[in-house]
Structures are given as structure tokens and as C-alpha cells.
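Protein chains in written order, with the working numbering: chain A, -14 to 300; chain B, -14 to 300.
See below for the structure under consideration.
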Ligand SMILES: [Ca+2]
Ligand SMILES: [Ca+2]
């Protein structure tokens, strides 16, 4: 493995990152971790890196993209549900009135999520997501959602994988929503996606067993849920963790407590209102407040989108 | 990959299996699956095989070995809990009176499981299991539990892995109980172990984050739970599934419904009272009744331990 980095030293593995201490630190961390003669060597099986998704690998404003998916599904179903044009919260969704929908609080949002995410089989849902991600466009950015992924982070994933890191997504979003497209978007295989889950029911449709998606959350993979799912599914403490909000703090703390290795904790700080969005402590979506204090106190790395990223989105 | 099998045709990959139609069928399935010019070719990423653990990869009589572990832990704790010598269900455990314990029904068993499995951190539990598996001995077989693994199945796992199959354990036993020893015992890595789970709680012990194990089941990975966890964690329908009881039937049915590939469903039939144990339809542990009928009706393969296995345990 030591040969790998030697062979690539002349090619910048992170071309979308501006030169500076942050980039140098990432390069040094990985270089040291594969040097079997150094004190910071990490065995291949322990090279586990975890990435949050929303706000870390792609944008998440003005609402999580999975919620745009939910609203698009409801609008697609509206023709066969004529009563919705007069019934909230569907009416606001059909009228593209996000403000009015938000004003209805969590109950309205849950109804939209339930209607769009349950009552179909896991296979049917996968097909819905695949169709949506291939065609749907973000209302503000006017780009496909799958093009609103952060190129610097994709380079970082690839750089880690090229040095025998096993890279997982550990997200509050639903596993079944991410799985259909993350391989193409990020180069992360289907079985390395950990997220929230709905309850399922094993049913027969004629001779065919199916998993029916029920309108109930089985596991919420956010906050303290993240170290739990890491322990349950990966079974190793990561050596590197990347997030962007308070919901990632326990995952970052868990990684920082790795007893065997020096670990790498990094937070995407959304500082770029021109190229993306600027938000942190006061944001409803992707609030970065406690984790920002903690990061500063513990010398974790803040990726300042404006300063550190030469490019934001894939061109 | 086609070269792999050519290079090994002279060496029997399944030496502990008797010659016969069953062994031939296994060899043919794998050989065809890696032949990219044939109609039964399976792409590498779809080569997913799932194995039940108790009764499929190691023995499970007279009770699941995880329950022997539980009783051993309780006995180890007895010195610091003097009242237990007069209190059921602990008294029966301390006296090695399995019959009296069983007579107390599920409530007694749950108490023993709760006492032995919760109230410690995930790391502490891992250490308990590691210590136990390295030393504990089966009361009837007079061998270490880790030596009561089925050599023919280990050869089969290795054979599949050698042909780029990704092999998972999908067991009703607890993930955290299997993970510490399955790599040494079966050659299956830690992150390919799917099982039942206890609820966890993220806590701080001083500066150290820990996951505390709570006395409550979060997910029961048995019966219909198996296709659910396969869908949630693997995200692909298997092409091969191996089990031994009615609790594996939904997993086998799920695998049989693979829409893209010819799949392989096999059941270990415990027919050998001399070398192991003989049981099926009437057994409390590992009951094989509905799945036996279903297997016969659907021409799934029954591995007849007495006839098909030249060797049972690792020598
Ligand atoms: Ca996030
Ligand atoms: Ca079993």
C-alpha cells in the first residue's frame, strides 16, 4: 500500500480544494495512516470513514432534498386524489406554497412524508426514487438534485477509497432514499449506506414476497442514533468522520474517542452564500451550533466552504 | 474471474462433503455463476450469499449457545450477588439445573438474558464474549463452543468468497454476540454480521462516550425480520441463502424470489444423532417444519448431515 501514495504524489488527489493548512492536514492524515513504519499507521480493516449526507455531501437548503422528493410525489399523485386540492397539507404542496406548508408544523410535514414514503413495496419505492433523481430539478438552483453534490467531498471520498478506506454514508435521511443514487453520485456502494428506516412488513402479492413500507419510523439515524448504527452495522469505531451539523456531533465525538488511532474529525461550514448557502447557528435545517463550539474547543477541522473549496458543485 | 475456477478444478474445494448430487449442484451453481458467457452468470456485485448461524454454521442444542453464554455470565456474577443462591431463576442457573430453569418459562429466560446482556457498554460486552468464546466448553460435547462449527459450511463459505461472493451472516442471535469470533471461526468479517439488537444509549463516562446496552430488544432478526434486515443493511436480494429452521423460511423465500438470477436455497437438516443431534419438526430449538414442507414442494436442497457431510466439526 505504501507504493500507492508514492505513485500518485505528482497528481493532486484533491484538485477542487484550495491549498492551505486544511488540505495539507487531510493529505498528511491519509499519508501517515498508510505508512506502516510510522506511528500513525492504521491497519486496512480499521480504515473506516463515515460521512453524513445532507449538507456534507450535497446541499440541504431551503429544505432537505428528501422533502422535495416527498412533495414531488404528492404532486404526482394529486391527479388521482382530487380532494387534495381543497385539503391541507396537500393543498399547499400542490400550490408550491412551502411557506404555508411549513406554517402547519410537524403534523403537516409528517402527513406529506407518510403519503409519499409508505404504502408501496421497497422495490416500488426504489423505482420512484430512481425516476425522481434522474429528472427532478431544484427550484432555486435550477439544477438536478444529483448535480448539487460537492465535488471536493467526492474527491475526498475517492482519495480515501484509493488508500483502502472503507467509506460509509451515515445519514439522518432514509437508507432507501439514498441507496438508488449514491453509487453514481459519490462512488459509494449500496451496502455502505446507513440511514433512518421505516418499519417494513413482509407480505405476499400472489406468489411474490414483498416488503411493504409502513407509515412509521423504525430507527432515526440522527444525533445519538449515528454512533448506535455505526456500532450495530459497521462494528468498528471510525478513524475519520465528516459532518456539518449538531446532528453529527455524537458521531464525531464517537470517532474522536477511537482508542487505537489518531482520528480525523471535520465539519463542512456553510459560509458561501454566493456559490451555495450560508448558515450555521440559527438555521432550522442543518443547524451548526453546539458542534461549532465543540469543534473549536477540540481543534477539529472546519471546512470553510468559501475559503477552502475552489469548486463547490460538479461542473 | 473465469480463471479462478480453472485454476482450482484439480483441488476439491469441498473436501468435507460426500460426493453426490448435492455437492455437484453446489459446484455447478457457483461455476455457472462466474461464467460470464453463460446464461446463469451473476455479476460480482450481485453475488450476495446469506447464512443463518445457529444450527446452520454451528450447533444449537440443547439450547442456543448464546444462552449458555448467558448462564455462564450469571454464574460468574453469583459471587457478588449472594441472594441469587436462594432466588429464581438465578438459583437454577447456579445449580446447573437447566430443566428447572426451562420450567420457569420465558420470564425466567428473559431475566437471565437481561442480567447477562445489559447494563454494560458495548466494549465491555465485546470483551465478555471474547473471553467466553476462548475458554467456555459445551457441557455435553465437552468441546469449546468455537470448535462446534460445521467444517462443510466453512468450506462452502470459503468457496463462495473465493469466487467473489459477499457472504453475510443473518442470524436471530445478537450481532454483538457473534461479531467478536465469527472472523476467526468462519472467515466472515465483522461488518458482514447481521443479527438481533438490543437498544443502546449514548452516555458519557467522564470524557469518554460509551454505548450502554439496555435491557430491551430493538430488532428481532428472525423469521420475517431476516428479509427486512437484508433489505435494510445489504440492499440487494441474495442469490444464495442457507438456513436450518422455520425462522429462515422468509429469508429463503426472499432469496428464491430474486428477479434477476437463478438462486440457491439450501437447508441444513439435522439427521445425525451420532455425530451431532437429530431433530426437525418437533424440536423447540431450531424447529424445521413448515420450511421442510416448503423446501420439498419447491425443490430446495436439503443438506442431510448424515449422508452429505463426511466430517461435521473441525477436527
Ligand atoms: Ca447534515
Ligand atoms: Ca438457525
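The beta carbon of each residue, even a glycine, is placed where N, CA and C say it ideally should be.
Nothing here was measured: the structure is a model prediction, and the numbers come from that model.
In the three-state scheme derived from DSSP, where H, G and I count as helix and E and B as strand, residue 4 of chain A is classed as coil. Short of 6 Å from the beta carbon of residue 222 of chain B, and not among the five residues preceding or following it, lie these beta carbons of its own chain, in chain order: 243.
Listed in chain order, the positions of the region 79 to 107 of chain B with a beta carbon within less than 8 Å of a beta carbon of chain A are 107. Taken in chain order, the complete alpha helix (DSSP H) segments of 4 residues or longer contained in the region 149 to 231 of chain B are 160 to 171, 210 to 214. For the pair residue 153 of chain B and residue 35 of chain B, the CB atoms are nearer than the 8 Å cut-off. The continuous alpha helix (DSSP H) containing residue 87 of chain A extends over residues 83 to 88. Against chain B, the beta carbon of residue 213 of chain A has neighbours under 8 Å at 185, 187, 196, listed in chain order. The three-state secondary structure of residue 97 of chain B, taken from DSSP, is helix. For residue 235 of chain A, the neighbours in chain B by C-beta distance under 8 Å run, in chain order, 187, 194. Runs of beta strand (DSSP E) with 3 or more residues, each lying fully within the region 261 to 292 of chain A, are found at 286 to 289, listed in chain order. Contacts between residue 182 of chain A and chain B, judged by CB atoms closer than 7 Å, involve 217 in chain order. When Cβ-Cβ separations below 8 Å define contact, residue 238 of chain B makes contact with chain A. Of the residues B/177, B/245, B/191, B/182, the one whose Cα lies closest to the Cα of residue 31 of chain B is B/245. In the three-state scheme derived from DSSP, where H, G and I count as helix and E and B as strand, residue 113 of chain A is classed as helix. With distances taken between CA atoms, residue 236 of chain A lies nearest to A/38 out of A/19, A/78, A/38, A/20. In the three-state scheme derived from DSSP, where H, G and I count as helix and E and B as strand, residue 49 of chain A is classed as coil.
Within the same chain, 165, 166 come within 8 Å of residue 115 of chain A by CB-CB distance, once the 5 residues on both sides are set aside. Residue 5 of chain A sits close to residue 293 of chain A, with the two beta carbons spaced by under 8 Å. Leaving aside the five residues that flank residue 257 of chain B on each side, the residues in its chain whose CB is nearer than 8 Å to its CB run, in chain order, 263, 290, 291, 294, 297. When C-alpha distances from residue 157 of chain A are compared across A/268, A/203, A/185, the shortest belongs to A/203.
Within chain B, not a single residue places a beta-carbon under 8 Å from that of residue 268 of chain A; the smallest gap is close to 24 Å. Taking each of A/299, A/214, A/187, A/55 in turn and checking the Cα distance to residue 196 of chain B, the smallest one comes out for A/214. For residue 103 of chain B, same chain residues with a beta-carbon under 7 Å away, outside a window of 5 residues either side, are 183, 198, 199, 200 in chain order.
Taking non-hydrogen atoms of ligand 2 into account, the C-beta of residue 45 of chain B is found less than 7 Å away from one of them. Nearest neighbour of residue 299 of chain B by Cα position, chosen from B/261, B/248, B/267, B/285, turns out to be B/261.
With contacts defined by Cβ atoms closer than 8 Å, residue 272 of chain A and residue 231 of chain A form a contacting pair.
Three or more beta-carbon pairs separated by less than 8 Å are not found between the region 40 to 58 of chain A and the region 274 to 284 of chain A, which leaves the two stretches without contact. Look at residue 36 of chain A here: in three-state DSSP terms it is strand. With respect to residue 149 of chain A, residue 29 of chain A sits close: the two C-beta atoms are nearer than 8 Å.
Per DSSP, the beta-bridge partners of residue 252 of chain B are B/228, B/287. If you draw a straight line from the Cα of residue 253 of chain B to the Cα of residue 212 of chain A, it comes to about 36 Å.
With a cutoff of 8 Å on beta-carbon distance, residue 74 of chain B and residue 89 of chain B are scored as near each other. Interface annotation, residue 221 of chain A: in contact with chain B, CB-CB separation under 8 Å. An exposed status is given to residue 191 of chain A, since fewer than 16 other beta-carbon atoms sit within 10 Å of its beta-carbon. Excluding five sequence positions before and after residue 219 of chain B, the CB atoms of its chain that fall closer than 7 Å to its own CB belong to 33, 153, given in chain order.
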